[in-house]
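**Q**
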Amino acid sequence: MAISIEPLSLLRLIPLFPLLMAAGNIFLGAWWGKKRSGLLACAAVTLSFLLSLWVWWHLPAAGAFRDHLFTWIESGTFKAAVSLQVDPLAAVMLFIITGVGLLIHIYSLGYMGHDEGMVRYFAYLNLFVFFMLLLVMADNLLLLFVGWEGVGLCSYLLIGFWYQDHTNTIAGNKAFIVNRIGDFGFLLGILLLFWELGAQGVWTLDFADLKQSAHLISPQKVTLITLLLFAGAAGKSAQIPLYVWLPDAMQGPTPVSALIHAATMVTAGVYMIARLHFLFSLAPLTLKVIAAIGALTAFFAATMALAQNDIKRVLAYSTVSQLGYMFLALGVGAFSAAIFHLFTHAFFKAGLFLSAGSVIHALGGEQDMRKMGGLRPYLPTTYLTYLASALALSGAPLTAGFFSKDQILGQAFASPSGSFWLWSLAWVTAGLTAFYMFRQFFMVFHGDSRVEQRLKAHIHEAPAVMTMPLMVLALGSIFAGWLGAPEFLWGSLWDHWLQPFFGGPEGIPHGDLSQEILLMLLALASAGVGFFLAYLFYGRSGKIPDASWAGGGLYRWLLNRYYVDELYDRVLVRPLTSGAGWCAQIFDLGFIDGVVNGLAHRIREASLFWRRLQSGNVQHYLLGFLAGTLIILAYYLGR
Amino acid sequence: MIVDLVIIAAKALLVLLMVLNLAGLLGWIERKGSALIQDRIGANRASIFGFAGLGLVNTLIADPIKFLTKEDFIPSRGDRLLHTLAPCLALFPPLVTFAVIPFGDVLILGERVIPLQVANLNVGILYIFALASLSVYGIAIGAWASNNKFSLLGGVRGSAQMISYEIALGLSVMGILMIYGTLDLQEIARAQGELIWGWLPAWGIFFQPIAFLLFFTAAMAETKRIPFDLPEGESELVAGYHVEYSGGKFLMFFAGEFAEIVIVAALTATLFFGGWQVPFLMRDGFHLPWGGTLPLPHLGVVLLQVGAFLFKVVFFSWLQILLRWTLPRFRYDQVMRLGWKMLLPVALANVVVTAIIIVMTSSSTGP
Amino acid sequence: MTAPRMLFFILATLAIASSLAVIAQRSVVRSAMALVATLFLIAVLFLALEAPMVAFLQILVYAGAIMVLFLFVIMLLHPGASEGRRPLWWGLGSLTALLLALELITFISRSSPPTVQQRSTAGGSFGSPEMLARSLFTDFVLPFEVASVLLLVALIGVVVLAKREVH
Amino acid sequence: MAPLHDYLFLSAIIFAIGVTGVIIRRNLIVILMSIELMLNAVNLTLIAFSRSLGAIEGQVIVVFVMTVAAAEAVVGLAIIISIFRHRQTLDPQEMQMLKW
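Residue numbers (numbering that gives the first Met the number 0), protein chains in the order written: chain R, 0 to 638; chain A, 0 to 366; chain V, 0 to 166; chain S, 0 to 99.
#1: At which residue ranges does the region 233 to 316 of chain R contain complete alpha helix (DSSP H) runs of 4 or more residues, listed in the order of the chain?
#2: Please report the residue range of the alpha helix (DSSP H) in which Ser-47(R) lies.
#3: Leaving out the 5 sequence neighbours to the left and right, which residues in its chain are closer than 6 Å to Met-436(R) when beta-carbon positions are compared?
#4: Name the chain V residues that come within less than 8 Å of Ser-132(A), Cβ to Cβ?
#5: When you compare each of Ile-47(A), Thr-68(A) and Arg-30(A) to Ala-41(A) by their alpha carbons, which one comes out closest?
#6: Nearest-angstrom Cα distance between Thr-168(R) and Ser-317(R)?
#7: According to DSSP, is Val-277(A) helix, strand or coil?
#8: Buried or exposed: Phe-39(V), going by 16 or more other Cβ atoms within 10 Å of its Cβ?
#9: Alpha carbon to alpha carbon, how far is Ile-12(S) from Gly-92(V)?
#10: Inspect the beta-carbon positions of Leu-3(S) and Val-72(V) and report whether they are closer than 8 Å.
#11: With DSSP collapsed to three states, give me the class of Val-263(A).
#12: Per DSSP, which residues does Ser-614(R) bridge with? Please list them.
#13: For the region 450 to 462 of chain R against the region 317 to 337 of chain R, do three or more pairs of beta-carbon atoms, one drawn from each stretch, fall closer than 8 Å, so that the two count as touching?
#14: For the beta strand (DSSP E) that Gly-284(A) lies in, which residues bound it at each end?
#15: May I ask you to list the residues that DSSP assigns as paired with Arg-44(A)?
#16: Note the first and the last residue of the continuous alpha helix (DSSP H) segment covering Leu-353(R).
#17: Any idea what DSSP makes of Ala-461(R), helix, strand or coil?
#18: To be precise: take each residue of the region 50 to 61 of chain S, compare its Cβ to all Cβ atoms of chain V, and keep it if any distance is under 8 Å. Which residues remain?
#19: Do Ala-254(A) and Leu-90(A) have their beta-carbon atoms positioned less than 8 Å apart in this structure?
#20: Which same chain residues end up closer than 8 Å to Ile-95(R) when comparing Cβ atoms and leaving out the 5 residues on each side of it in sequence?
#21: Taking the beta strand (DSSP E) that Asp-66(R) belongs to, which residues open and close that run?
#22: Given that a residue counts as buried once 16 or more other Cβ atoms are within 10 Å of its Cβ, and exposed if not, what is Ile-259(R)?
#23: Give the DSSP bridge partners of Gln-191(A), in chain order.
#24: Hey, how far is the Cα of Leu-351(R) from the Cα of Thr-384(R)?
#25: Terminal residues of the continuous alpha helix (DSSP H) containing Thr-97(R)?
#26: Using a Cβ-Cβ cut-off of 7 Å (strictly less than) and excluding sequence neighbours within five positions of Ser-132(A), which residues of its own chain qualify?
#27: Three Cβ pairs or more, each shorter than 8 Å: is that satisfied between the region 286 to 303 of chain R and the region 147 to 157 of chain R?
#28: Note down the Cα distance separating Gln-100(S) from Tyr-240(A), rounded to an integer number of angstroms.
#29: Identify which residue in Asp-71(A), Val-18(A) and Leu-35(A) has its Cα closest to the Cα of Gly-247(A).
#30: Tell me the start and end of each unbroken beta strand (DSSP E) in the region 145 to 199 of chain R that is at least 3 residues and wholly inside, in chain order.
#31: With DSSP as the reference, label Glu-35(S) as helix, strand or coil.
#32: Does chain S have any CB closer than 8 Å to the CB of Leu-13(V)?
#33: In chain S, what lies closer than 7 Å to Val-617(R) by C-beta?
#34: CB Ala-533(R) to CB Thr-428(R), shorter than 8 Å?
#35: Name, please, each residue of chain V whose Cβ falls closer than 7 Å to the Cβ of Tyr-136(A).
#36: If contacts are defined as beta-carbon pairs under 8 Å, then Gly-116(R) and Phe-160(R) qualify, I think. What distance do you get, rounded to the angstrom?
Given below as structure tokens:
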């Protein structure tokens, strides 16, 4: 099904504004000053947001927009252009990036208002938005990869933003390195795809052309390609086994966590797979792997979130868990549902992070939930926004999370590639989600105050510049999901929106109505149980229960995140470093150097012998020359 | 066959004697001439039976005897072979050069037509230059073989000077060669017998006055005589390249030098002043441009021609001696500057201008 | 044996003797003089081969200019040190050169002389300046000009090479 | 005129003598002179063939050879002078380092 494409040179302006402002802040920021740089950065994103809205508004009529800037690489028949394209999928992403991004920018004005590096901060933030927009609007894989790498760079810069603290830079490094592992797979996937298509005579990386000719590649190769691409997505979107960077990435400023690790960057993997859905659809095995990994990630991340005491870490694992949901949806072929969850998740997770940021802001940087509690009277607005977002995340009825998560659960069970096991994992996770969210909620806002005495006097609600975005996000958390209500309520506007992109109804299989309602009730029950348990343990008494109630072993296990970091350290990092050390100090010195030096010595000895031939004396050369002449002459004489 | 050989041998002998005698005579002319110029008496002591003969006895008889009976000194660390070879190399080229210089038109004896030239070469000028270039070896080798620093300096100076002036010398003659269109000296001499506008002899001097000055200057430099006697330069190098020469070898250098003077004079006469031509004298007598004719017997014409040639040679020899005793010596850098920066460019310009004029007038009749 | 042939053999013997003297003399100046003699003799051979123009050019250019330059340099540098004796090397070099001569002579004697084709000698007799000039300025005019450039280049190069640095 | 072969033999012998000189002598000037000797041997061949074939081109080429030889000798001597100034020797064995 062809999508009509209209040229629209307006598109280039969308990423241009943030880019220009990033450059401006880098080169002229010191001159502008902190205040102005922040406002200008917000203005740039506002302009992009308004343009995105305009594009969104006109998109249904046009089908898709395209803006060709220039030809980047031209080699034979292969052509890679720097050209931007907006179709329904990209439009959704544009809305999320610029919309949520704008809110986070505004919030940052307050949150970062006192920071020394505010100019730098906004420059990075704008640069990040630029790369994310480039990633989303790219019309070929190569340009997408540019954005992909740029986003990785910006995440590194922003996580390690407070570089004076060593742990922050370590966290930045970790994020970057783990991402590189995924990117490696991604790049290999791109190259393999390029090569395999080239072998079929199609030298291209354009999405449109790829879609036309993806079927030319043999199934095994497609499976390999998609698995490699998925490795990239897993790295960027924090899936097992490459999720470890995300919790550590909480070292960055909280708005950064909201922007990068909740709303936008981690969705890049989901977006990429959705963008290449036609390719992944050709590889059922890969889809199975994606679904399984998604479900497992969702479950394990949720369990890890259960026992965390750091307010942002809980949210980080929650993000990983929710991303697992999205991959589960992708894996069962429910691309639309995955994007829908991405959309709603952007609202409530940004809301949660920013609310948490507000709490941290109020407590002067305190992040340990054990030193909070009873904050409700101090932070009324934050309390409400937090509650709304937590409800949405937990899947409370009629909130955004309810609809999107319900769709995924339904698809996990009902779609052809779904299964009971996938569903049950997701179902349990839903309960766990409700539990850890409200555990956190109760620990922070209810019960006895455990705040240190010296901080108590300073607790204050955040300024309006921070609370306004919170309220907008809270509203979004409640109502954004109504776009994708199930058929039996008022029908999904969402699927109509994305239907032209993902293609016909086969992308959205529907079970019968009674089954759908049953599944929904089951999910609600699971969430309810989670909520109830949270209330039972954390809400009722107002005290933190003894941690060892569920058997010390399991608790410690969860608290230490299954020792995955330690496992990676033992299994991967230590052998690698010790192996590298052995290579460097023993193998390299002993063997390689030995071989090389030995060879060099032999050659040197041989040369020392043969160089006597090159005496430098012209007369010797002439004699040799003459001897050659004599031989040639003698040969002709002898004939 | 035999007669031809005899005639050639006779001519060669005649020329050789003429040159040598002339050279000897020049020695006397120089002595007495310089005395005249410097207002003194000059050689007058040696006498035979009381006859001093204006110093002729001195220069023609006593001096050679003195030289030949002197000790032939060879420096102990010098190169004996080369020391002996050098004066021969100095004397040989000027003597041989005379072979291609025509001293008359033709002598008709009965059936036999004898050209008054030892060897008729169609590349005569080249022959002269080739041999002239060889005369460098006389001083270079002599200087080196003497194993004396003054000699060596003289030799180095001499070879540099001669190479430098050879170029100007050759280029200055180019104009003449282009005008007469031949390298053959006899042809050149004959061509100068014609008349321009019916009355002016077509001598080289009238076509190439600049070339004449260049040629004469460069040729004098080639003879290494004052003002170009830097290779000898008594005040600086004692006696230059022949410091270590005495006796007969020195006499040979001496004779070579005078022979060169004669050669220069003969060449100047041949190239620029009509050679053996006497104005208006044809093979059968005088044909004056205004109508008068004076028929002469053949032998008389030949004698007139040879006499004219001899007169011209003696005249230019005298001119050289006059200059030698008139001018002071140049400094070495001045010599080099004159050769490279004045004679050479002017000679080149002369060649170019001559070529242009020849091309422009080639439609009309050239001489 | 005819007279010209006898003349040739006399000249050839002298030429070989003098060229042997070039390489055999210990004194550089004597070598140079032997070379001058060789060049002179070769010029005479040129004359016998109806190449008078080239013959006198040979004397003028080679003997008169190039060799004088050699002498000039010898006198300028005045290299005193005599060469050490290296009988083995001398033997080796002479032997190879001898072999070369033998092989060349064998080679030449086996080849048949080329067919003689007398060409019309337009503009003067064979080897005359006119004929040479005609060929030089028509068929070979480009090489001629290139040669002039070559000389100019050599001139400049020599000045650069030999000029002492003046500070 | 002597047959062509005689001239060629003479030329070969002189050439070989020149080669010998270049190989065995240890004085750059003599080596350069030996090269001139070789060039002259070749010139002799050219003139002999020119005469034998009745082709003037041989003589023309000899003129060019002389031109080039003059340039070669001049440049060679200049190099010798400049080497001698640096090393005070003309022995090629002393110039094996390919530098001053």
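Using N, Cα and C, we set each Cβ at its ideal position, and we do this for glycine too. Fair warning: this is a prediction, and the values are worked out from it, not measured in the lab.
**A** Checking against the coordinates, here is how it stands:
#1: 244 to 247, 253 to 257, 266 to 274, 276 to 279 and 283 to 305
#2: To locate residue 47(R), count along the first sequence from 1; it is residue 48. Counting along the chain, the alpha helix (DSSP H) containing Ser-47(R) begins and ends at 33 to 61.
#3: Your numbering for residue 436(R) matches position 437 in the first sequence. Around Met-436(R): Ala-389, Leu-392 and Ser-393.
#4: Within the second sequence, residue 132(A) is the residue found at index 133, counting from 1. Within chain V, the residues near Ser-132(A) are Ile-58, Leu-59, Ala-62, Gly-63, Ala-64 and Val-67.
#5: The sequence position of residue 41(A) within the second sequence is 42, counting from 1. The identity of residue 41(A) in the sequence shown is Gly, whereas the question assumes Ala. Checked all of Ile-47(A), Thr-68(A) and Arg-30(A); the closest Cα to Gly-41(A) is Arg-30(A).
#6: Numbered from 1 along the first sequence, position 169 holds the residue referred to as residue 168(R). Numbered from 1 along the first sequence, position 318 holds the residue referred to as residue 317(R). Rounded to the nearest angstrom, the two C-alpha atoms are 23 Å apart.
#7: In the second sequence, the residue the question calls residue 277(A) occupies position 278. It is coil, neither helix nor strand.
#8: Position 40 of the third sequence, counted from the first residue, corresponds to residue 39(V). Label assigned to Phe-39(V): buried.
#9: Locating residue 12(S) in the fourth sequence gives position 13, where the first residue counts as 1. Locating residue 92(V) in the third sequence gives position 93, where the first residue counts as 1. Looking at the two C-alpha atoms, the distance is approximately 15 Å.
#10: Working through the fourth sequence from its first residue, we reach residue 3(S) at position 4. Working through the third sequence from its first residue, we reach residue 72(V) at position 73. For Leu-3(S) and Val-72(V), no; Cβs fall outside 8 Å.
#11: Here the question's residue 263(A) lines up with position 264 in the second sequence. Looking at Val-263(A) - three-state DSSP - the assignment turns out to be helix.
#12: Reading the first sequence from its first residue, position 615 is the one you call residue 614(R). Note: Ser-614(R) sits in no beta bridge, so no partner.
#13: no
#14: Translated into the one-based positions of the second sequence, residue 284(A) becomes position 285. It spans 284 to 286 - the beta strand (DSSP E) in which Gly-284(A) sits, taken as one unbroken run.
#15: Against the second sequence, residue 44(A) aligns to sequence position 45. Looking at the DSSP assignment, Arg-44(A) forms no beta bridge with any residue, so it has no partner.
#16: Along the first sequence, read from residue 1 onward, the residue named residue 353(R) stands at position 354. Its alpha helix (DSSP H) spans residues 334 to 361.
#17: By 1-based counting over the first sequence, the position of residue 461(R) is 462. Reduced to three states, the DSSP call for Ala-461(R) is coil.
#18: Arg-50, Ser-51, Leu-52, Gly-53, Ala-54, Ile-55, Glu-56, Gln-58, Val-59 and Val-61
#19: To locate residue 90(A), count along the second sequence from 1; it is residue 91. To locate residue 254(A), count along the second sequence from 1; it is residue 255. Cβ distance < 8 Å, so Leu-90(A) and Ala-254(A) count as in contact.
#20: Numbered from 1 along the first sequence, position 96 holds the residue referred to as residue 95(R). Taken in chain order, the residues that qualify are Ala-262, Thr-263, Thr-266, Leu-341, Phe-342 and Ala-345.
#21: Here residue 66(R) refers to the residue found at position 67 when the first sequence is read from its first residue. Element bounds for Asp-66(R): 64 to 74.
#22: Taking the first residue of the first sequence as 1, we reach residue 259(R) at position 260. Buried: at least 16 other Cβ atoms inside 10 Å.
#23: Taking the second sequence and counting its residues from 1, the one referred to as residue 191(A) is at position 192. DSSP output for Gln-191(A) lists no bridge partner at all.
#24: By one-based count along the first sequence, residue 351(R) stands at place 352. By one-based count along the first sequence, residue 384(R) stands at place 385. Taking the straight line from one Cα to the other gives about 8 Å.
#25: By 1-based counting over the first sequence, the position of residue 97(R) is 98. Unbroken run through Thr-97(R): none, as it is neither H nor E.
#26: Residue 132(A) sits at position 133 when you count from the first residue of the second sequence. Same-chain partners within the cutoff: Glu-165.
#27: no
#28: Past the edges of chain S, shown from 0 to 99, lies residue 100(S), and the structure says nothing about it.
#29: The sequence position of residue 247(A) within the second sequence is 248, counting from 1. Answer by Cα proximity: Asp-71(A).
#30: none
#31: Mapped onto the fourth sequence, residue 35(S) falls at position 36. Helix, per DSSP.
#32: For the purposes of this step, residue 13(V) is taken as the residue at position 14 of the third sequence. No, no contact with chain S.
#33: Here residue 617(R) corresponds to residue number 618 of the first sequence, with the count starting at 1. Within 7 Å Cβ-Cβ: Pro-91.
#34: Counted from its first residue, the first sequence places residue 533(R) at position 534. Counted from its first residue, the first sequence places residue 428(R) at position 429. No, the pair does not count as a contact, with Cβ atoms beyond the cut-off.
#35: Indexing the second sequence from 1 puts residue 136(A) at position 137. Within chain V, the residues near Tyr-136(A) are Val-35.
#36: Locating residue 116(R) in the first sequence gives position 117, counting from the first residue. Locating residue 160(R) in the first sequence gives position 161, counting from the first residue. Correct: roughly 7 Å between the Cβ atoms.
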